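A.B. asks:
Chains as they are written, first to last, in the working numbering: chain A, 1 to 391; chain B, 392 to 782; chain C, 783 to 1173; chain D, 1174 to 1564.
1. Examine chain A for any beta-carbon lying closer than 7 angstroms to the beta-carbon of residue 1391 of chain D, and answer yes or no.
2. At which residue ranges does the segment 1071 to 1109 of chain C contain complete beta strand (DSSP E) runs of 3 or more residues, listed in the order of the chain?
3. Is the beta carbon of residue 269 of chain A less than 7 angstroms from the beta carbon of residue 168 of chain A?
4. Could you pull out every residue in the same chain whose Cβ sits closer than 6 angstroms to the Cβ of residue 923 of chain C, ignoring the five residues on either side in sequence?
5. Roughly how many angstroms separate the alpha carbons of residue 122 of chain A and residue 357 of chain A, rounded to a whole number?
6. Let's see if you can read the secondary structure: which residues bound the beta strand (DSSP E) around residue 220 of chain A?
7. So, is the C-beta of residue 586 of chain B closer than 7 angstroms to a C-beta in chain A?
8. Please tell me whether residue 281 of chain A and residue 344 of chain A are closer than 7 angstroms, where the distance is taken between their beta carbons.
9. For residue 600 of chain B, which residues does DSSP report across the bridge?
10. Can you list, in chain order, the residues of its chain with a C-beta nearer than 8 angstroms to that of residue 1558 of chain D? Leave out the 5 residues immediately preceding and following it.
11. Which of the three DSSP states, helix, strand or coil, is assigned to residue 1533 of chain D?
12. Looking at the secondary structure, which residues open and close the beta strand (DSSP E) in which residue 397 of chain B lies?
13. Who are the Cβ neighbours of residue 623 of chain B in its own chain at under 8 angstroms, not counting the five residues just before and after it?
14. Note down the Cα distance separating residue 1129 of chain C from residue 189 of chain A, rounded to an integer number of angstroms.
15. So with CB distances below 7 angstroms, who are the chain D contacts of residue 392 of chain A?
16. Just the Cα atoms here: how many angstroms apart are residue 783 of chain C and residue 1227 of chain D?
17. Assign residue 380 of chain A to buried or exposed, taking buried as 16 or more other Cβ atoms, counted over all protein chains shown, within 10 Å of its Cβ.
18. Taking all protein chains shown into account, decide if residue 1255 of chain D is buried (16 or more other Cβ within 10 angstroms of its Cβ) or exposed.
19. With DSSP as the reference, please indicate the residues paired to residue 1025 of chain C in a beta bridge.
20. Which two residues bound the contiguous beta strand (DSSP E) that contains residue 178 of chain A?
21. Can you tell me the Cα-Cα spacing of residue 162 of chain A and residue 299 of chain A, whole angstroms?
22. Anything in the segment 520 to 554 of chain B with a Cβ closer than 9 angstroms to a Cβ of chain C? List those residues in chain order, please.
23. Output the distance between the C-alpha atoms of residue 194 of chain A and residue 102 of chain A, rounded to the nearest integer angstrom.
24. Which same chain residues, not among the five before or five after residue 37 of chain A, have their C-beta less than 6 angstroms away from its C-beta?
25. Tell me, which residues are paired with residue 1440 of chain D by DSSP?
26. In whole angstroms, give me the CA-to-CA distance for residue 274 of chain A and residue 19 of chain A.
27. Beta-carbon within less than 6 angstroms of residue 1323 of chain D's beta-carbon, same chain only, minus the 5 sequence neighbours each way: which residues are those?
28. Got a sec: is the Cβ-Cβ distance from residue 510 of chain B to anything in chain C below 7 angstroms?
29. Would a C-beta distance cut-off of 7 angstroms place residue 670 of chain B and residue 656 of chain B closer than the cut-off?
30. If we count the other Cβ atoms within 10 Å of its Cβ and call it buried at 16 or more, is residue 271 of chain A buried or exposed?
31. Which same chain residues end up closer than 6 angstroms to residue 388 of chain A when comparing Cβ atoms and leaving out the 5 residues on each side of it in sequence?
32. Using beta carbons (cut-off 7 angstroms, strictly below), is residue 1061 of chain C in contact with chain B?
33. As an exercise, report each continuous beta strand (DSSP E) stretch of at least 3 residues that is fully enclosed by the segment 874 to 957 of chain C, in chain order.
34. Which residues in chain D sit within 8 angstroms of residue 310 of chain A, going by Cβ to Cβ distance?
35. Mapping DSSP to helix, strand and coil, what is residue 40 of chain A?
36. Helix, strand or coil: which one does DSSP assign to residue 1548 of chain D?
Next comes the structure, spelled out in structure tokens:
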């Protein structure tokens, strides 16, 4: 008989839906010690939406104020799916209430905030997890395993590109994603944070950056009146336009602690690329390539063996021998976007069980935001910036 | 408030798990009129396993005998996930009890059986569905849409290959899949039925076939004592070996009613291919290619426009404009194997609501088995066989 | 100082051009003992064209009658690029005159003819080569090497497809390619012969076949008056149409001497496929895949090593360690269609030097036509045909 | 009857061989007004090699000193294949002698040199061409055509990567490619110049850059005694090592005049990448992708038409409708590295005939070196550098 663990979620958009699905079903596939109870959901506005979300996604109760939710005694885990600008305050309050925290990425708007969150977590002694979900795609977890086994040797290069195209229409409305104070930045935050997290995970710490960013569409129509705080719009756009205060694209070059040289291209203006989270790692003994749009495959080069036979091999990371994959459907029965959330939920619950940590956590999140800030500084000051300049 | 609909499932293996997941969660993503209740599960042996399955997958009750289950008044839908040789009897009993039926493929061992099932369904006036799940992969549904719109013109060729490699080890145990009386055949039934269903769906009716089949490994070790009737083994294999009575591979060529010429290669001995369900359709105005191992993409050739620009384009069938995809995660947030089961569950529930049919049903299943039997006859009599020879 | 070797070529179309280029330049890349002299060119009609060809391609002289050419004392090598129906007579005459012969494929219209050619060659003791050029693409030669080293183990499957689309327009003129008496057949001869040759080379001898063929466009306009015997047309088509007497597509399944099961799909009606010469070989220890449209790559699966790392690797067969490739431009400096003709020319000249044979020769050509005839018999008699039925 | 045009070539390495092949055979495929005569070859050392090259590649005469060669009255065209550091002096001398010039890339070591070459060419009124051969790959020429027709709309991004791995072995000898004074730089010159040329050709002028570079292997063994001035080594390496004075990798980000943001990654340390010249162009109306390792394909996205059908299509740029391709072998009969040299030779001869210019010329070469210098300045001064800072 599993122990119940009560979850309170803040946010009811895209991510709230993905998390709910995972909490409710994780034990079908992974044998955790806990039975998650979808106790309560909270968000700042429009209780109608909250109610609808709760019913459809299986949450027992709506709590209008997140401050109330994080303080409730019957909540064991706070799951933060709110927009980035709210992460810090929710996280710190939840930590101070001793809740374990499952938090969406990016960690926060600033390095200072993110560090504050990590400190609060340490002080509270809670289990905290930052949901850079791509780490738990089986092919990516396999990449990590190969690198840790030394199969790539000395790493010379990281090449990351995270390309989307969903905002190329100049009349796409100015949701919170286009407001610096709410999102921190554009693709540099949303997509860049994923790339930086993966680079830190797979290639090592970044020490210096230099880059440029762009805003191609300077203003956008305000969202219609039915758009909520946490949602990305809906209803028609208003006639009135307002300035976009974030980047539409940010490209940078990075130096790594281990001597590797890397590139990072994040944009929402790469026509035809939908969720093109693509990386390559080149080392002295091998190489790796991954692209999320075909997320079940890892391309792996092994420089062992006769050189006439070298080549990138396509590993379908879907068998019982690959990380996480054995819990699912079997060889070649490919997984999708949602599955990595189940993996995160299972690992998180196991971390709560064991009292050990789980990565990435808010320390990772802070390190990531530090790089992000360094890049912004580089773009604005038109010079190479050492990461340690950001304090 | 949704109406409850009570499901009784027979079978608790791989498919039982996939169906359970879909029934339990379909309304998170699709707005059906019904709330499926996972009422009861049944299978023939080992009640311990049944109990474990029920608990993990959320079924309220275990009913040891399927005969009891299909007769229960509180069951609205019978979901058949048992091995192929049991399909006919379960289906007919369920139909006679007026249950709607959601049945795994292939329909049955013989065309006569399958026809009997379709007749029973017609007589009972039930909603019946045969779960050739690949029809409801968004990229495949998009292929259908393009063909129906005439975008391929006259169809000249179907080229299907369904390649796997999971039984290449000569010591893989002799589970029911290798016994003709239980499975009907080898990959010709398991994989070939999917290909034939897709060919009928996308390219038209088959009128004649000629082919050959092979059994590469003539005998295999008997499964260990813990292997159940419905499971695919487990525990160690016994030392004793027994003959394989099905094909390991079956390749055939087919003539279509519309004049197209097709090929179908089904095998479990294609090293490195895991779930390589691959088809190409060539027409006078365009072409299509799909491969399940990268199931989110459809390759589409449109012969409209300047010929210097012709080429197969990769459509990521993951946006709100593609069949089913809008219910999920968004552009490039790729789907996996499991999602098509949700699509089938939603369409099935909607068919029950509306009283209209759903395809493929048992008539499709019978047509498919008829082709399968014709191919077997061709292999054994070493000649071309007209489909109408099978009665 | 290289010895001169005088070439006489019969045919001045596409193939005449490719051969001329190779003869003239082979020693830039390969160190043969001979300096080929482009002595004389012959074809049956329109001396104007012959003269133009000779000037542009560097042939010293035009000899109107091929009978004269093959009898000339100063000719050492006869290069046959004429249409298929003329191969037999030219070949036998050349052999009887003691010329070494470099002959385009397919060998002949019938097995009897092809056997006669091989017998004539044996009797004359000449070096004879049948130009199935794809064997000498570096990636294919590498495939052969891997198979000969046992890297694939027992071969279970050959899957070949040779797909083109150049005649899909119903008004494409009725050139000799559509006349059974001149071409032997349609894609079954032109493309199928390549596939069968590659299958025999890589997977072994074929013992039985069963298949179907189709002619989608039953008649075509006669070519304009300026079309020559050996050319594929030109000028406008006449208004008059005449029946097509060859297949537009031919698909068959084959049994191999070593127990493998194979499929062969040849068509000129695969929209969007230009020169899609594609094969897969599946064995107990590995697999291979090749496609001519990306001819520099060989995909190779090696089942040695941890199974979690298995996958088809893309080998760019362009380095000094790959067959033929070292003579050219260097790693990743990819080769094209023409290069394999240089490889054939070099190997042929070396065979003349050493007096050893070269493959494929006319014996291979006859074996190939034998399979082709068996398939035709199978299509027409609607039954499986054993190869040994063809005598 | 074609007019003879006498070519004098300086350099007898890899490039000398490729150019010789093209000069000798260009008229087989392209109908130029001239018959190139391979008159004389020159290089600085080891006349034995020169003699061997002349014989094998078909040059009439060896002229030991390039100064003599460029001054000879019977030379019409000077073809410069010498190492980069010699380009300037040879070019200027040839121009002053009124020779037309076909020059290998990169133009020169410095922007000042390259500008001097362009000025000398203008003053002399000669036809001058800089052989950035990739512009004349049919797929790339097709990309240009599509962009010029406005099919991409506003260009937002260029993403270039030119990845190789041939020097990853720390004992690969220190040839001239590793010496700043002879090569200018490492991959930043060799590969980066190609990328910059393609970016200028396809995406527009670059206005500012910021980047980093790396030298992973600080010293290398000196080449053996038999290595010549112009060759890349040969014989065994000496025991003695000397410092590498060029980059092993250089990554930079660029701003374009038209507002686009671009990235450029050049490296010789990308394990498994052989000649991975890869670019993507993203615009408001479409996108393009090319990779030289599969050089016959262009991936093209057209945002016209229903968005549910959008996707990158693979165009096989091998038909008569594609630039240059019609002169060769036919649809799907793919071209290789060498063919673009024939295209350049034909275009160059036609430019001499017509007296019009040909691009890229030395003005393009100078613009390219200017960007290269700006990047070097950026790497060394750790800041963004405007192109106009380089004078």
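Built from N, CA and C at the ideal position, the CB exists for glycine as well. None of the values given here were measured: they were computed from a predicted structure.
C.D. replies: In short:
1. The residue you call residue 1391 of chain D lines up with position 218 of the fourth chain. No, residue 1391 of chain D lies away from the interface with chain A (no Cβ there is under 7 angstroms from its Cβ).
2. List check, beta strand (DSSP E) in window: 1079 to 1084 and 1094 to 1098.
3. In the first chain, the residue the question calls residue 269 of chain A occupies position 269. In the first chain, the residue the question calls residue 168 of chain A occupies position 168. Going by C-beta atoms, residue 269 of chain A is nearer than 7 angstroms to residue 168 of chain A.
4. By 1-based counting over the third chain, the position of residue 923 of chain C is 141. Answer for residue 923 of chain C: 1105, listed in chain order.
5. One-based indexing of the first chain puts residue 122 of chain A at position 122. One-based indexing of the first chain puts residue 357 of chain A at position 357. When rounded, the separation of the alpha-carbon atoms in residue 122 of chain A and residue 357 of chain A is 11 angstroms.
6. Along the first chain, one-based indexing puts residue 220 of chain A at 220. For residue 220 of chain A, the enclosing beta strand (DSSP E) starts and ends at 219 to 221.
7. To locate residue 586 of chain B, count along the second chain from 1; it is residue 195. Taking Cβ atoms only, chain A never reaches closer than 7 angstroms to residue 586 of chain B, which makes this a no.
8. Counting from one through the first chain, the residue named residue 281 of chain A turns up at place 281. Counting from one through the first chain, the residue named residue 344 of chain A turns up at place 344. No; because the gap between Cβ atoms is not below 7 angstroms, this pair is not in contact.
9. The residue given as residue 600 of chain B occupies position 209 in the second chain. Within the DSSP bridge table, the entry for residue 600 of chain B names B:645 and B:776 as partners.
10. The count along the fourth chain starts at 1 and reaches residue 1558 of chain D at position 385. Close CB contacts of residue 1558 of chain D within its chain, under the 8 angstroms cut and outside five residues either way in sequence, are with 1381, 1382, 1383, 1547, 1548, 1550 and 1551 (chain order).
11. Taking the first residue of the fourth chain as 1, we reach residue 1533 of chain D at position 360. Collapsing the DSSP output to three states places residue 1533 of chain D in coil.
12. Position 6 of the second chain, counted from the first residue, corresponds to residue 397 of chain B. Residue 397 of chain B: member of the beta strand (DSSP E) spanning 394 to 401, first to last residue.
13. Taking the first residue of the second chain as 1, we reach residue 623 of chain B at position 232. Any answer about residue 623 of chain B is weak, because its pLDDT of 45 lies below 50 and its placement is not dependable; what the coordinates show is given next. Non-local beta-carbon contacts of residue 623 of chain B in its own chain, meaning distances under 8 angstroms to residues more than five positions away in sequence, involve 404, 405, 566, 567 and 568 in chain order.
14. In the third chain, the residue the question calls residue 1129 of chain C occupies position 347. In the first chain, the residue the question calls residue 189 of chain A occupies position 189. Spanning the two alpha carbons is a distance of roughly 60 angstroms.
15. Lying before the first or after the last residue shown, residue 392 of chain A is absent from chain A, which here runs from 1 to 391.
16. In the third chain, residue 783 of chain C corresponds to position 1, counting from 1. In the fourth chain, residue 1227 of chain D corresponds to position 54, counting from 1. If you draw a straight line from the Cα of residue 783 of chain C to the Cα of residue 1227 of chain D, it is about 14 angstroms long.
17. On the first chain, position 380 is the one that residue 380 of chain A refers to. Its Cβ having fewer than 16 others within 10 Å, residue 380 of chain A is exposed.
18. The residue given as residue 1255 of chain D occupies position 82 in the fourth chain. With 16 or more Cβ atoms within 10 Å of its Cβ, residue 1255 of chain D is classed as buried.
19. The count along the third chain starts at 1 and reaches residue 1025 of chain C at position 243. For residue 1025 of chain C, which the question treats as bridged, DSSP gives the partners C:1001.
20. The residue labelled residue 178 of chain A in the question sits at position 178 within the first chain. Careful: residue 178 of chain A lies outside any beta strand (DSSP E) and carries neither H nor E.
21. Here residue 162 of chain A is taken as the residue at index 162 of the first chain, counted from 1. Here residue 299 of chain A is taken as the residue at index 299 of the first chain, counted from 1. So the two alpha carbons sit approximately 17 angstroms from each other.
22. Taking 9 angstroms as the Cβ-Cβ cut-off against chain C, the residues of the segment 520 to 554 of chain B that qualify are 543, 544, 545, 547, 548, 550, 552 and 554.
23. Translated into positions along the first chain, residue 194 of chain A becomes position 194. Translated into positions along the first chain, residue 102 of chain A becomes position 102. Distance between the alpha carbons of residue 194 of chain A and residue 102 of chain A: 16 angstroms.
24. Against the first chain, residue 37 of chain A aligns to sequence position 37. Cβ neighbours of residue 37 of chain A beyond the five flanking positions: 4 and 6.
25. Position 267 of the fourth chain, counted from the first residue, corresponds to residue 1440 of chain D. Residue 1440 of chain D is bridged by DSSP to D:1336 and D:1422.
26. Stepping through the first chain from its first residue, residue 274 of chain A is reached at position 274. Stepping through the first chain from its first residue, residue 19 of chain A is reached at position 19. Those two C-alpha atoms are separated by around 21 angstroms.
27. Numbered from 1 along the fourth chain, position 150 holds the residue referred to as residue 1323 of chain D. Closer than 6 angstroms at the Cβ level, and outside the excluded window around residue 1323 of chain D, lies no residue.
28. By one-based count along the second chain, residue 510 of chain B stands at place 119. Chain C contact via Cβ: absent.
29. Taking the second chain and counting its residues from 1, one reaches residue 670 of chain B at position 279. Taking the second chain and counting its residues from 1, one reaches residue 656 of chain B at position 265. Contact flag unset, no.
30. The residue you call residue 271 of chain A lines up with position 271 of the first chain. Result: buried.
31. Here the question's residue 388 of chain A lines up with position 388 in the first chain. Here the set comprises nothing.
32. Residue mapping note: residue 1061 of chain C aligns to position 279 of the third chain, counting from 1. For residue 1061 of chain C, no Cβ of chain B is located within less than 7 angstroms of the residue's own Cβ.
33. Secondary structure within the segment 874 to 957 of chain C: the beta strand (DSSP E) runs of 3 or more consecutive residues, fully enclosed, are 882 to 886, 910 to 913 and 937 to 945 (chain order).
34. The residue given as residue 310 of chain A occupies position 310 in the first chain. Correct list: 1445.
35. The residue given as residue 40 of chain A occupies position 40 in the first chain. Reduced to three states, the DSSP call for residue 40 of chain A is strand.
36. Translated into positions along the fourth chain, residue 1548 of chain D becomes position 375. Reduced to three states, the DSSP call for residue 1548 of chain D is helix.
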